[in-house]
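Going by the working numbering, the first residue of the sequence shown is number 358, and it counts up by one from there.
We treat Cβ as the ideally placed atom computed from N, Cα and C, and that holds for glycine.
These notes concern the structure reproduced below.
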Amino acid sequence: MSNLIEIKPKSIHTATVIFLHGLMDTGKEWEPQMENIRSMGGLDHIKIVLPTAPTIPISLNFGNTGTAWFNVISFNPGAQEDKIGLEKSMKLVESLIEEEINNGIPVERIILSGFSQGGAMTLFTGYQSKHKVAALVSLSGFSPSLSLPSKIRTENKEIPCTMFQGTDDRVINFKWGELTHKSLIKVGVKNSQFILIPDLGHTSNEFELKQIHDIFEKYLPNI
């Protein structure tokens with residue numbers, strides 16, 4: 358995959374985090390935040406993979422092209438879905454998971470995570486994939502498809518999932534994230550947690566990054 362950033366482990370590689378960026382962004386832009394998380398300690402055995410989405414026409418951007426995991430008409434629940442784009446990106450993300458497995462990393466030692474549209478792809482892929490990963494982490498994310506709850510694989514309902522959302526997010530209203538969380542619980546997802554962060558906009562902060570660090574350390578401990 359082109360434009361793929363990898364933050365190499367500092368010790369023996371025994372676990373991997375795949376992080377998906379948001380709309381009109383790149384994996385490279387999230388490298389400093391991931392380095393910050395790793396600098397908090399205890400994660401030297403983890404490789405962090407930061408892919409960049411394909412460049413496609415984006416309806417929300419008046420049809421101009423940009424990096425996106427799927428086309429976006431509007432950031433509102435029930436907006437027209439780019440089913441083809443979602444399926445294509447799910448296959449792409451699954452190929453990244455499979456590459457790690459082929460390199461000797463057990464699927465239960467892989468975390469899938471992402472911000473905004475990347476958080477949406479994290480949920481869309483993580484709950485439907487044949488690969489039951491260690492955990493899902495969504496920052497300012499949402500369900501990109503109203504049909505997602507009905508498509509969740511039974512075994513994946515056990516995957517720990519943490520969704521973070523800021524109360525001041527003007528791009529993805531926190532109520533959409535909360536609605537997504539409730540829709541997951543309603544269909545039997547057992548380990549979904551929704552964390553609302555006061556005064557946080559459509560970005561990340563040190564509190565959130567520390568919480569993410571703790572999740573990585575909990576579900577991908579050094580062995």
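If you reduce the DSSP assignment to three classes, tell me which class residue i lands in.
i: residue 412; result: strand
i: residue 461; result: coil
i: residue 394; result: helix
i: residue 516; result: coil
i: residue 489; result: coil
i: residue 372; result: strand
i: residue 568; result: helix
i: residue 524; result: coil
i: residue 424; result: strand
i: residue 419; result: coil
i: residue 480; result: helix
i: residue 474; result: helix
i: residue 573; result: helix
i: residue 440; result: helix
i: residue 499; result: coil
i: residue 430; result: coil
i: residue 446; result: helix
i: residue 404; result: strand
i: residue 380; result: coil
i: residue 364; result: strand
i: residue 540; result: helix
Below 8 Å on the Cβ atoms is my guess for residue i versus residue j; work out the distance and round it to an integer in Å.
i: residue 395; j: residue 577; result: No, residue 395 and residue 577 are not in contact; Cβ-Cβ is about 12 Å, not under 8 Å.
i: residue 426; j: residue 475; result: 7 Å
i: residue 496; j: residue 565; result: 7 Å
i: residue 500; j: residue 438; result: With 8 Å as the limit, residue 500 and residue 438 do not qualify as a contact, their Cβ atoms being about 10 Å apart.
i: residue 403; j: residue 434; result: Their Cβ separation, rounded to whole angstroms, is 34 Å, which puts residue 403 and residue 434 out of contact at 8 Å.
i: residue 469; j: residue 449; result: Going by Cβ atoms, the distance from residue 469 to residue 449 rounds to 12 Å, so no, they are not a contact pair.
i: residue 517; j: residue 453; result: Not quite, the Cβ-Cβ distance comes to about 20 Å (not below 8 Å), so this is no contact.
i: residue 574; j: residue 400; result: 6 Å
Can you grab the Cα-Cα spacing for the pair residue i / residue j, in whole Å?
i: residue 418; j: residue 580; result: 45 Å
i: residue 376; j: residue 545; result: 25 Å
i: residue 386; j: residue 414; result: 21 Å
i: residue 471; j: residue 479; result: 6 Å
i: residue 393; j: residue 440; result: 35 Å
i: residue 406; j: residue 384; result: 8 Å
i: residue 489; j: residue 455; result: 11 Å
i: residue 506; j: residue 473; result: 18 Å
i: residue 412; j: residue 423; result: 5 Å
i: residue 398; j: residue 390; result: 14 Å
i: residue 360; j: residue 410; result: 9 Å
i: residue 430; j: residue 561; result: 24 Å
i: residue 509; j: residue 571; result: 26 Å
i: residue 538; j: residue 445; result: 24 Å
i: residue 436; j: residue 428; result: 11 Å
i: residue 421; j: residue 569; result: 33 Å
i: residue 547; j: residue 540; result: 12 Å
i: residue 556; j: residue 382; result: 23 Å
i: residue 491; j: residue 464; result: 7 Å
With three or more beta-carbon pairs closer than 8 Å as the criterion, would you say the region 545-565 touches the region 510-521?
yes
The region 454-466 touching the region 366-373, judged by at least three CB pairs closer than 8 Å:
yes
Inter-stretch contact at 8 Å, needing at least 3 Cβ pairs: the region 523-536 / the region 478-489
no
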